[in-house]
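FYI, the numbering for the sequence shown is -19 to -1, 1 to 146, going by mature numbering (1 follows the signal peptide of the UniProt record, and there is no 0). For each residue, glycine too, the CB sits at the ideal point set by N, CA and C. Fair warning: this is a prediction, and the values are worked out from it, not measured in the lab.
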Amino acid sequence: MKQKSILFPCLLLAASVYAWLESGQAELFSGQDQWPVLLMLLGAAFVYQGKKEAVTPHFFIGLLLFGIGLHFFAKPKWMWWPDDFETILFMIGFSLLVSTVQKKEYVYEAVSMICFSLFLYFFKQIMAWLESAHIPTELLKEYWPFVFIGISILLLLMKRKKSIR
């Protein structure tokens, strides 16, 4: 007999807790009625269900939802918090790495995504360092996205093994 999933009760619990927080009946923390809290609660529900029932895609989605919710919750509170683009790319890479590292799948892709997000985060500092070393950076500043587009297209067009992991 097929075992029933705990996904629906977990999602219902997350939505109910958010509705309670949004109602203002209890003040647990500032910003508890904002939509990022809902993302974090739903993400936590997916993480719990994905781990409990060994459903890797749900675990990945849960980590991603929780991370994106955490980003948008923390961004207005801390001035040092990174921008949206870099953080979301980092969350995708981190979620992929954590959810698939045990099976040793997509580790290269996850680490590459994390490195790319860190490159974007430190891009201004890297350019300032290169300029202080009297290395011209005008072309690099203007055309670096096209380099990554070219690399991406090249990787897509390369012949792959017939089996997909």
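Counting every other CB atom within 10 Å of its CB across the protein chains shown gives H115 a total below 16, marking it as exposed. DSSP places E34 outside both helix and strand once states are collapsed to three, so it counts as coil. Shortest Cα-Cα distance from F41 to any of S76, S98, W110 involves S76. Between the C-alpha atoms of V18 and W59 there is a straight-line separation of about 16 Å.
Non-local C-beta neighbours of S98 in its own chain, meaning closer than 7 Å and more than five positions away in sequence, comprise E67, L70, F71, G74, ordered along the chain. By the Cβ-count criterion, L45 is buried, with 16 or more other Cβ atoms from all chains shown falling within 10 Å of its own Cβ. Per DSSP, reduced to three states, the secondary structure at M21 is helical.
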